[in-house]
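Right, one structure below, let's go through it.
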Amino acid sequence: MQKSRKRKQQLRLKPGESETKPAKISIPTKHDPYPTHPRPTPEECLAVRDSLLACHGFPQEFAKYREQRRNLSSLVIDTDAQNGVKSETLDTGEESVLDGLIKTLLSQNTTEVNSQRAFANLKSAFSTWEDVHAAESKCIEHAIRCGGLAPKKASCIKNILSCLLEKKGKLCLEYLRDLSVEEIKAELSHFKGVGPKTVSCVLLFQLQLDDFPVDTHVFEIAKAIGWVPEGADRNKTYLHLNQRIPNELKFDLNCLLFTHGKLCRKCTKKGGNQQSKESCDNSCPLLNYRVNL
Ligand SMILES: [Zn+2]
Numbered sequence: 001m002q003k004s005r006k007r008k009q010q011l012r013l014k015p016g017e018s019e020t021k022p023a024k025i026s027i028p029t030k031h032d033p034y035p036t037h038p039r040p041t042p043e044e045c046l047a048v049r050d051s052l053l054a055c056h057g058f059p060q061e062f063a064k065y066r067e068q069r070r071n072l073s074s075l076v077i078d079t080d081a082q083n084g085v086k087s088e089t090l091d092t093g094e095e096s097v098l099d100g101l102i103k104t105l106l107s108q109n110t111t112e113v114n115s116q117r118a119f120a121n122l123k124s125a126f127s128t129w130e131d132v133h134a135a136e137s138k139c140i141e142h143a144i145r146c147g148g149l150a151p152k153k154a155s156c157i158k159n160i161l162s163c164l165l166e167k168k169g170k171l172c173l174e175y176l177r178d179l180s181v182e183e184i185k186a187e188l189s190h191f192k193g194v195g196p197k198t199v200s201c202v203l204l205f206q207l208q209l210d211d212f213p214v215d216t217h218v219f220e221i222a223k224a225i226g227w228v229p230e231g232a233d234r235n236k237t238y239l240h241l242n243q244r245i246p247n248e249l250k251f252d253l254n255c256l257l258f259t260h261g262k263l264c265r266k267c268t269k270k271g272g273n274q275q276s277k278e279s280c281d282n283s284c285p286l287l288n289y290r291v292n293l
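Going left to right, the sequence shown walks through residues 1 to 293 as UniProt numbering numbers them.
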């Protein structure tokens, strides 16, 4: 498992190298629904990343994922230097892939505070995922009620656990760490209720791979600054941005755009005439990029 993980990370650290390797590990999808739309350019992605970083700093809520990526990168470098000597320090504090998937599912259509509370309630009500699997749906619903859409989400969770147990014989998704991005997408998409955004979040945060999830905030900003053509839908925006944004910028840029979208009223449908508590709101660093003021 570790070996494959490092192999993939090594490839990610050397962007040009994938062309000389089998197609298995490459950019997430070859299909761009807007091939003639020339934005964003790599230079623009870098400039936006740097501007947002200067404005907000790196968002604290994503700091632990960034640290895990750093650890993984330094582990690869260490391992290279030691010619294959294995370190066991990687997994400290790392969420399980299954935890990450369920946490992301619970974040659909609700606020962060409520979804985090729902996940914490679920984890404290049941000691293991086996217990959740064995529980009545009503008990799961009760535990996650504060996150909204409880019957639907409970049914999704039960379904994922049942499918996983049937297919793999245990409630564990760690085997995904050995698969390519495309294989992981195919595996996770089989679960009912798991859409492209959830898959993309698991890739980016739990599996430390380079993908670019498009949530409401990212979608609104991408449209406002012309990174997708007018009338673009969210899924096509996801496909386009994953093609255009350099892999090494995806993580930082995604965390920063998400955070900026939450804080800046000028970049969202909320309109630009309301004051925000955020200090940089009056001089949004993305104003120069906006196309439809
Ligand atoms: Zn803004």
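C-beta: ideal position from N, C-alpha, C; glycine also.
{"Query": "Three-state secondary structure (DSSP) of Q243", "Result": "helix"}
{"Query": "Contact under 8 Å by Cβ, L207 with R177", "Result": "yes"}
{"Query": "Through-space distance from I160 to G100, alpha-carbon basis", "Result": "13 Å"}
{"Query": "Helix, strand or coil at S283 according to DSSP, with G and I counted as helix", "Result": "helix"}
{"Query": "Cutoff 6 Å; reference C255; Cβ partners in own chain excluding five residues on either side", "Result": "P59 and F62"}
{"Query": "Segment contact flag, the stretch 215–233 with the stretch 258–265, C-beta cutoff 8 Å, min 3 pairs", "Result": "yes"}
{"Query": "Rounded distance between the beta-carbons of I225 and C45, thought under 8 Å", "Result": "The Cβ separation is near 11 Å, so there is no contact."}
{"Query": "Where N288 sits in the DSSP three-state scheme", "Result": "helix"}
{"Query": "Nonlocal neighbours in the same chain, by C-beta distance under 6 Å from V228, ignoring five residues either side", "Result": "A222, T237 and H240"}
{"Query": "Close beta carbons around K103, own chain, < 6 Å, minus the five adjacent residues each side", "Result": "F119"}
{"Query": "Extent of the continuous alpha helix (DSSP H) run through S96", "Result": "Element bounds for S96: n/a, residue is neither H nor E."}
{"Query": "As assigned by DSSP and simplified to three states, the class of R39", "Result": "coil"}
{"Query": "Rounded separation between I140 and D32 - CA only", "Result": "39 Å"}
{"Query": "As assigned by DSSP and simplified to three states, the class of Q9", "Result": "Residue placement at Q9 is flagged as unreliable, the pLDDT there being 45, under the threshold of 50; a coordinate-derived value is accordingly withheld."}
{"Query": "Neighbourhood of A154 by C-beta, 6 Å cutoff - its chain only, sequence neighbours within 5 removed", "Result": "S137, I140 and E141"}
{"Query": "heavy atom of ligand 1 below 7 Å from K262 C-beta", "Result": "no"}
{"Query": "Distance cut-off 7 Å: C284 Cβ against heavy atoms of ligand 1", "Result": "yes"}
{"Query": "K223 beta carbon near ligand 1 (any heavy atom closer than 7 Å)", "Result": "no"}
{"Query": "Chain-order list of residues whose beta-carbon lies under 6 Å from that of P151 (same chain, five-residue window excluded)", "Result": "E141"}
{"Query": "Cutoff 6 Å; reference G272; Cβ partners in own chain excluding five residues on either side", "Result": "Legend: pLDDT at G272 = 43, less than 50; position of this residue unreliable, value from coordinates given subsequently. Excluding residues within five positions, the ones whose Cβ falls inside 6 Å are K266."}
{"Query": "Nearest to N114 (by Cα), restricted to the options R145, C55 and T198", "Result": "R145"}
{"Query": "Any non-hydrogen atom of ligand 1 closer than 7 Å to C255 Cβ", "Result": "no"}
{"Query": "Near ligand 1: C201 beta-carbon under 7 Å from a heavy atom", "Result": "no"}
{"Query": "Nearest-angstrom beta carbon gap, A135 and L122 [assumed within contact, 8 Å]", "Result": "L122 to A135, Cβ: 10 Å. No contact."}
{"Query": "Span of the alpha helix (DSSP H), counted from its first residue to its last, around C146", "Result": "From DSSP, C146 is part of no alpha helix (DSSP H); its letter is neither H nor E."}
{"Query": "Three-state secondary structure (DSSP) of D233", "Result": "coil"}
{"Query": "CB of W129 within 8 Å of CB of L98, strictly", "Result": "yes"}
{"Query": "beta-carbon K266 near ligand 1 non-hydrogen atom, thresh 7 Å", "Result": "yes"}
{"Query": "H210 burial status per 10 Å Cβ neighbour count (16 or more: buried)", "Result": "Reading off the sequence shown, one finds Asp at residue 210, where the question assumed His. With 16 or more Cβ atoms within 10 Å of its Cβ, D210 is classed as buried."}
{"Query": "Straight-line gap, C201 to F212 (C-alpha atoms, nearest Å)", "Result": "8 Å"}
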